[in-house]
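> Sharing a structure below in structure tokens format, with a few things to ask.
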């Protein structure tokens, strides 16, 4: 069974878009969303660290896999998000969870 | 018989039965979220799930830090704010969800 069906579908719809993933250790990684799974593990391509002076050891890394559990936030492109669709999907998901 | 038996009880969209239903009432409304590590968010709730993963729009994040003076032991509270147009928040960092706090 899906761990997080709603957000899994949501992130799948954002594949190919640029996002900024902020980790719980305060590292922020900017990149293109390549793939996501049911645990909201994330693969990013063409990454750049938003504070390279602080985290220079990532300078040569192009792609990365991020364990879902270490994510604090994902900053999203506002114009790629259909808020009405999301709200309707959240209502539906809430109903399904109750049954 | 002419009386139809009652259909099996379905959870109604209108009733508030459990804590997550309170959050459902806040969809498309501005909310206040208290998170771990002295962080707070204020934004418009667009989506949530049972883990309290959320998507917030038009977000203001406040991070509060305390500096203690070595000599006077005075506590200096500082807060840093930033604005993010659209944000996914992972549920395991969420502590509290409420309608926006009113000052005054």
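Chains as they are written, first to last, in the numbering used here: chain A, 1217 to 1315; chain S, 36 to 139. Note that the Cβ used here is the ideal one computed from N, Cα and C, for glycine as well.
Secondary structure at residue 84 of chain S, three-state DSSP: helix, strand or coil?
Coil.
> Between which two residues does the alpha helix (DSSP H) harbouring residue 1303 of chain A extend?
From DSSP, the alpha helix (DSSP H) with residue 1303 of chain A extends over 1299 to 1314.
> Does the distance from the CB of residue 1238 of chain A to the CB of residue 1283 of chain A come in under 8 Å?
No.
> Of all the options S/117, S/128, S/129 and S/63, which has the alpha carbon lying nearest to the alpha carbon of residue 98 of chain S?
The shortest C-alpha separation from residue 98 of chain S is found at S/117.
> So with Cβ pairs under 8 Å, would you call residue 127 of chain S a contact of chain A?
Closer than 8 Å to some Cβ of chain A, the Cβ of residue 127 of chain S qualifies, so yes.
> Suppose you measure from the CA of residue 1265 of chain A to the CA of residue 1241 of chain A; what does that come to, to the nearest Å?
Using only the alpha carbons, I get a separation of about 13 Å.
> Given a threshold of 16 other Cβ atoms within 10 Å of its Cβ, counted over all protein chains shown, does residue 103 of chain S qualify as buried or as exposed?
Its Cβ having fewer than 16 others within 10 Å, residue 103 of chain S is exposed.
> In or out: residue 72 of chain S buried (at least 16 other Cβ within 10 Å) or exposed?
Classification of residue 72 of chain S: exposed, given that the 10 Å Cβ count is below 16.
> Leaving out five residues on either side along the sequence, give the residues of the same chain with a beta carbon under 6 Å from the beta carbon of residue 1309 of chain A.
Result list for residue 1309 of chain A: 1222, in chain order.
> Label residue 1291 of chain A either buried or exposed according to how many other C-beta atoms from any shown protein chain fall within 10 Å of its C-beta, with 16 as the threshold for buried.
Classification of residue 1291 of chain A: buried, given that the 10 Å Cβ count is 16 or more.
> Start and end of the alpha helix (DSSP H) containing residue 55 of chain S?
Unbroken alpha helix (DSSP H) run through residue 55 of chain S: 54 to 59.
> Just verifying my parser: in three-state terms, what is the DSSP assignment at residue 1231 of chain A?
Reduced to three states, the DSSP call for residue 1231 of chain A is coil.
> By Cβ distance below 7 Å, which residues in the same chain neighbour residue 1254 of chain A in space, the five residues on each side in sequence not counted?
The answer, listed in chain order, is 1218, 1219, 1220 and 1224.
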